[in-house]
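The working numbering numbers the first residue of the sequence shown as 115 and each following residue consecutively. Each residue gets a CB set at the ideal place from its N, CA and C atoms; glycine is no exception.
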Amino acid sequence: MVLHRPRVAESMRCIFHIDMDAFFASIEIVRNPALKGKPVIVGGRPDRRGVVSTCSYEARVFGVRSAMPLSEAYRLCPQGIFLEGSYETYRRYSSKIIDIFYNYTPFVEVVSIDEAYLDMSDVLAEKGISAKMLGQEIRQRIFYETQLTCSVGIAANKLVAKIASSKSKPNGLLEIIPGTEASFLAPLPIQSLPGIGEKTQMLLNRDGFYTVADLQALTLDEFSHKHGAWGYHYFFASRGEDNRPVQWEESPPKSIGAETTFEKDQVDMAFLVGELKRLIAKAHRRLRMHKMRTKRLSLKLRYSNFRTVTRSKTLITHLNDLNLIEQFAIELFEENYSGYPPLRLIGISLEQLNDSYWQPTLF
Ligand code: TTP
Ligand code: MG
Numbered sequence: 115m116v117l118h119r120p121r122v123a124e125s126m127r128c129i130f131h132i133d134m135d136a137f138f139a140s141i142e143i144v145r146n147p148a149l150k151g152k153p154v155i156v157g158g159r160p161d162r163r164g165v166v167s168t169c170s171y172e173a174r175v176f177g178v179r180s181a182m183p184l185s186e187a188y189r190l191c192p193q194g195i196f197l198e199g200s201y202e203t204y205r206r207y208s209s210k211i212i213d214i215f216y217n218y219t220p221f222v223e224v225v226s227i228d229e230a231y232l233d234m235s236d237v238l239a240e241k242g243i244s245a246k247m248l249g250q251e252i253r254q255r256i257f258y259e260t261q262l263t264c265s266v267g268i269a270a271n272k273l274v275a276k277i278a279s280s281k282s283k284p285n286g287l288l289e290i291i292p293g294t295e296a297s298f299l300a301p302l303p304i305q306s307l308p309g310i311g312e313k314t315q316m317l318l319n320r321d322g323f324y325t326v327a328d329l330q331a332l333t334l335d336e337f338s339h340k341h342g343a344w345g346y347h348y349f350f351a352s353r354g355e356d357n358r359p360v361q362w363e364e365s366p367p368k369s370i371g372a373e374t375t376f377e378k379d380q381v382d383m384a385f386l387v388g389e390l391k392r393l394i395a396k397a398h399r400r401l402r403m404h405k406m407r408t409k410r411l412s413l414k415l416r417y418s419n420f421r422t423v424t425r426s427k428t429l430i431t432h433l434n435d436l437n438l439i440e441q442f443a444i445e446l447f448e449e450n451y452s453g454y455p456p457l458r459l460i461g462i463s464l465e466q467l468n469d470s471y472w473q474p475t476l477f
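Now the structure itself:
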């Protein structure tokens, strides 16, 4: 189900556009660190027909680009490391990253395998931190969990957020403060605007329009007279105006987790069991909200020396009963922790979820 989210006034919105850097190539480098710093080209062997999927920034220096024939990529960069690529692996990374987004907000519009818009308007109001800090936190979280870098554009609308993320690449963040959209766009070449492909660019160049500032000089009448319906698009786009909502999909989660880090390391079993119960209740609320059941519990413990362990338990059937889930989780905790070493973090995750909420269980 695709829903719109009209709650916040347009001028007050805070949209993040997040796009992974050299996505397929970066994953190959994470999986084989010997490739780091090298011109990695994903798409296949250069003696085969076919095109480049993507390449590392080191290969881009030679002029290699996505969608270029592999033979041409080889001519430009014979020292390149050409890889077939594994779409299955890239998908797995992609869903890991999308899961991270959902940890921050349900208002996520996934645009492609490595790119999404997030409407952070409410989250920022709740958290009381700056958009930039939140953007950096998400970037760090993605890096921590995948060793991949991404770029984040922050603005009051999707159009400007997307252009901002592309201008901050690679491994950057750029926030465009509301009210400064037009001046941010002014010096950029016209093809930075969505909808201006090679052909339109040539036509506009022929008429003397090179930068967005050249377009901003036109009135709406002049635009629509010359370009019809597209004229309206260019007029508003050149000024950085865009009221498209983030189209978020209410998809069921794959797992539901809750964790807490203590200010002081803890050893007291009664306190820890109390914290665990609180976390289970929190996770259970989300389970109930999605009308789901869980079949696997995972306990996460981080010791005072930062070593982290996870211990899991598969249940004999899917459960949604709070008391039973709590009982199993406490058992799992007591089997795996007896008061030493002190704990700095405890977490619980409900996994193997399904939505057979209304079926009776064995219990
Ligand atoms: P992009 O985000 O366009 O490119 P990228 O992530 O490789 O690099 P950038 O840092 O500029 O964002 O696309 C994401 C992935 O989609 C890319 O890694 C490979 C795949 N892709 C193709 O297979 N063919 C293509 O023509 C493009 C553009 C992308
Ligand atoms: Mg990308």
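Taking 8 Å as the cut-off, does the CB of residue i come closer than this to any heavy atom belonging to the ligand TTP?
| i | result |
| --- | --- |
| Val94 | Any property of residue 94 remains undetermined from this structure, which presents the chain solely from 115 to 477. |
| Thr424 | no |
| Thr260 | no |
| Val156 | yes |
| Thr168 | yes |
| Ser226 | yes |
Tell me the DSSP secondary structure of residue i in three-state form.
| i | result |
| --- | --- |
| Glu223 | strand |
| Leu302 | coil |
| Phe196 | strand |
| Phe130 | strand |
| Gln466 | coil |
| Arg205 | helix |
| Val144 | helix |
| Arg458 | strand |
With C-beta atoms as the reference, is residue i less than 9 Å away from residue j?
| i | j | result |
| --- | --- | --- |
| Arg255 | Asn285 | no |
| Leu232 | Ile132 | yes |
| Arg503 | Lys272 | Because the chain in this structure spans residues 115 to 477, residue 503 falls outside the shown range and cannot be described. |
| Asn468 | Lys409 | yes |
| Gly309 | Ala351 | yes |
| His404 | Ile439 | no |
| Gly158 | Val178 | no |
Decide if residue i is buried, meaning its Cβ has at least 16 other Cβ atoms within 10 Å, or exposed.
| i | result |
| --- | --- |
| Asp335 | exposed |
| Ile243 | exposed |
| Leu413 | buried |
| Met383 | exposed |
| Glu289 | buried |
| Leu317 | exposed |
| Phe349 | buried |
| Arg127 | buried |
| His339 | exposed |
| Glu295 | buried |
Does the ligand MG have even one heavy atom less than 8 Å from the beta-carbon of residue i?
| i | result |
| --- | --- |
| Ala275 | no |
| Met406 | no |
| Glu229 | yes |
| Phe130 | no |
| Phe137 | yes |
| Met134 | yes |
Practice task
Jot down the residue ranges of each uninterrupted alpha helix (DSSP H) in the stretch 305-378, minimum 4 residues, whole runs only, in chain order.
Solution key: 312-320, 326-330, 334-352
Handout entry: Uninterrupted alpha helix (DSSP H) stretches inside the stretch 207-291 (no shorter than 4 residues)
Key = 235-241, 245-260, 272-281
Exercise for the section: Note down, one range per segment and in chain order, each beta strand (DSSP E) of at least 3 residues found wholly within the stretch 369-455. Expected result: 370-380, 408-417, 422-433
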